[in-house]
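Enquirer: With the numbering used here, letter number 119 in the sequence shown gets 596, and the count goes up by one each step, no holes. Virtual Cβ for every residue (Gly too), placed ideally from N, Cα, C. My structure is below; once you've seen it, I'll send some questions.
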Amino acid sequence: MAEAAAATAQGEAPIVQLEGVNKWYGTFHVLKDINLSVAKGERIVICGPSGSGKSTLIRCINRLEEHQRGRIVVDGIELNQDVKHIEQIRREVGMVFQQFNLFPHLTVLENLTLAPIWVRRMPKAEAEKTARLYLERVRIPEQADKYPGQLSGGQQQRVAIARSLCMNPKVMLFDEPTSALDPEMIKEVLDVMIELARSGMTMLCVTHEMGFARTVANRVIFMDRGEIIEENAPEAFFNHPRSERTRLFLSQIL
Ligand code: ADP
Ligand code: MG
């Protein structure tokens with residue numbers, strides 16, 4: 478919170494801003510008046526019961542889902558019908574999913590260099606150099622020439638994180654990145670995310686890893702039935718939840 482305030486005090490515009498965002502799936506009101514302002518370098522954890530709209534919310538930020546009312550602005554660019562804006566925002570926003578979403582027919586190195594070469598027009602040699610650097614950072618430099626299917630889940634997720642980082646994103650979105658992993662692999666992925674947070678990356682993470690939230694988040698947001706019910710610094714959020722719904726949720730997962 479203090480850092481966010483500092484960024485605002487210096488007059489820096491928020492990197493992600495949602496104002497009165499509403500979304501419906503047909504007649505089902507999935508996001509209700511969401512307001513959220515994320516300053517550069519903030520690390521936000523979003524939690525809440527299954528079906529509360531967490532995935533929909535972060536998928537709206539890079540237009541994997543379309544909102545119907547309100548404003549979403551990423552690094553000064555508004556998400557609207559302008560395809561150029563959507564492309565621009567997707568280039569700046571990295572996303573890591575529960576199910577890795579790697580290209581199975583490409584090697585790890587090819588997974589990492591595909592977008593930099595084709596979207597950023599980076600020369601192949603440079604893209605490979607960058608890719609190897611990020612593989613070092615996620616601690617699997619030796620896996621460069623393997624295919625995703627030859628890796629463990631934890632390794633695949635670290636490849637997915639490295640692949641996002643190769644595009645030099647301004648914000649990283651994580652949607653339950655450890656939920657599909659065997660318990661012994663969760664830590665290796667969280668460690669990479671913790672390091673990323675320490676490097677100053679702006680992060681929005683949907684996760685129920687509350688240890689992670691306590692370690693790296695500067696704000697925790699609790700969603701229920703399409704609404705932000707409560708948000709606070711982790712210490713206050715966990716020790717003194719204000720809402721009955723938050724208390725109930727925490728009692729079920731902690
Ligand atoms: P969470 O990530 O918190 O579990 P989601 O954002 O995935 O929640 O989903 C919120 C609600 O919207 C759920 O009730 C879900 O069934 C519904 N939903 C999600 N995606 C769609 C879709 N494409 N069409 C219709 N309903 C959807
Ligand atoms: Mg979800």
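Taking all protein chains shown into account, decide if residue 502 is buried (16 or more other Cβ within 10 angstroms of its Cβ) or exposed.
Expert: Position 25 of the sequence shown, counted from the first residue, corresponds to residue 502. Counting Cβ neighbours within 10 Å, residue 502 comes out exposed, since fewer than 16 surround it.
Enquirer: Please name the residue, chosen from 520, 652, 508 and 490, that lies closest to residue 673 on a Cα-to-Cα basis.
Expert: The residue given as residue 673 occupies position 196 in the sequence shown. Of the candidates 520, 652, 508 and 490, the one whose C-alpha sits nearest the C-alpha of residue 673 is 520.
Enquirer: Apply the 10 Å Cβ neighbour rule to residue 582 and answer buried if 16 or more other Cβ atoms are within range, or exposed otherwise.
Expert: Taking the first residue of the sequence shown as 1, we reach residue 582 at position 105. The residue in question, residue 582, is exposed, as its Cβ has fewer than 16 Cβ neighbours within 10 Å.
Enquirer: Would you identify the three-state DSSP class for residue 679, choosing helix, strand or coil?
Expert: Residue 679 sits at position 202 when you count from the first residue of the sequence shown. Reduced to three states, the DSSP call for residue 679 is strand.
Enquirer: State buried or exposed for residue 685, treating a residue as buried only when at least 16 other CB atoms are found within 10 Å of its CB.
Expert: Working through the sequence shown from its first residue, we reach residue 685 at position 208. Residue 685 should be labelled buried.
Enquirer: Leaving out five residues before and five after residue 623 in sequence, what residues of the same chain have Cβ atoms less than 6 Å from its Cβ?
Expert: Counted from its first residue, the sequence shown places residue 623 at position 146. The residues are 585.
Enquirer: In the DSSP assignment, what are the bridge partners of residue 524?
Expert: As a first step, residue 524 must be located in the sequence shown, where it is residue number 47. 699.
Enquirer: So does residue 509 have its beta carbon nearer than 7 Å to some heavy atom of the ligand ADP?
Expert: Here residue 509 is taken as the residue at index 32 of the sequence shown, counted from 1. Answer for residue 509: no, Cβ out of range of the ligand ADP.
Enquirer: Can you grab the Cα-Cα spacing for the pair residue 810 / residue 696, in whole Å?
Expert: Absent from the structure is residue 810, since the part of the chain shown begins at 478 and ends at 731.
Enquirer: Given the structure, does residue 636 come close to the ligand MG, in the sense that its CB is under 7 Å from one of the ligand's heavy atoms?
Expert: In the sequence shown, the residue the question calls residue 636 occupies position 159. Checking every heavy atom of the ligand MG against the Cβ of residue 636, none is found closer than 7 Å.
Enquirer: Roughly how many angstroms lie between the CA atoms of residue 490 and residue 707, to the nearest whole one?
Expert: Counting from one through the sequence shown, the residue named residue 490 turns up at place 13. Counting from one through the sequence shown, the residue named residue 707 turns up at place 230. Answer to the nearest angstrom: the Cα atoms are 23 Å apart.
Enquirer: Closer than 7 Å to a non-hydrogen atom of the ligand ADP - does that hold for the CB of residue 502?
Expert: As a working mapping, residue 502 is identified with position 25 in the sequence shown. True, at least one ligand heavy atom lies under 7 Å from that Cβ.
Enquirer: Below 8 Å, can you find three or more Cβ-Cβ pairs linking the stretch 624-644 to the stretch 568-583?
Expert: yes
Enquirer: Comparing C-alpha positions only, which one of 602, 705 and 538 sits nearest to residue 571?
Expert: Taking the first residue of the sequence shown as 1, we reach residue 571 at position 94. Ranking 602, 705 and 538 by Cα distance to residue 571 puts 538 first.
Enquirer: Out of curiosity, what's the CA-to-CA distance linking residue 513 and residue 496?
Expert: For this step, residue 513 is matched to residue 36 along the sequence shown. For this step, residue 496 is matched to residue 19 along the sequence shown. Distance between the alpha carbons of residue 513 and residue 496: 7 Å.
Enquirer: Of all the beta strand (DSSP E) runs that stay within the bounds of the stretch 525-567, which reach a length of 3 or more residues?
Expert: 546-551
Enquirer: Could you say which of 653, 609 and 573 lies nearest to residue 587 if we only look at CA atoms?
Expert: By one-based count along the sequence shown, residue 587 stands at place 110. Nearest of 653, 609 and 573 to residue 587, Cα basis: 609.
Enquirer: Using only the alpha-carbon positions, how far apart do residue 663 and residue 569 sit?
Expert: On the sequence shown, residue 663 is found 186 positions in, with the first residue counted as 1. On the sequence shown, residue 569 is found 92 positions in, with the first residue counted as 1. The straight-line gap from Cα to Cα measures roughly 26 Å.
Enquirer: Could you tell me whether any non-hydrogen atom of the ligand ADP is closer than 7 Å to the CB of residue 726?
Expert: Sequence index remark: in the sequence shown, residue 726 carries index 249 (1-based). Not under cutoff, so the answer is no.
Enquirer: At a cut-off of 7 Å, would you count residue 651 as near the ligand ADP, judging by its Cβ distance to the nearest heavy atom?
Expert: Locating residue 651 in the sequence shown gives position 174, where the first residue counts as 1. Residue 651: no, Cβ never under 7 Å from the ligand ADP.
Enquirer: The ligand MG and residue 683: does the residue's C-beta get closer than 7 Å to at least one heavy atom of that ligand?
Expert: The count along the sequence shown starts at 1 and reaches residue 683 at position 206. Correct: residue 683 has its Cβ closer than 7 Å to the ligand MG.
Enquirer: The ligand ADP and residue 533: does the residue's C-beta get closer than 7 Å to at least one heavy atom of that ligand?
Expert: Along the sequence shown, one-based indexing puts residue 533 at 56. Checking the Cβ of residue 533 against the ligand ADP gives yes.
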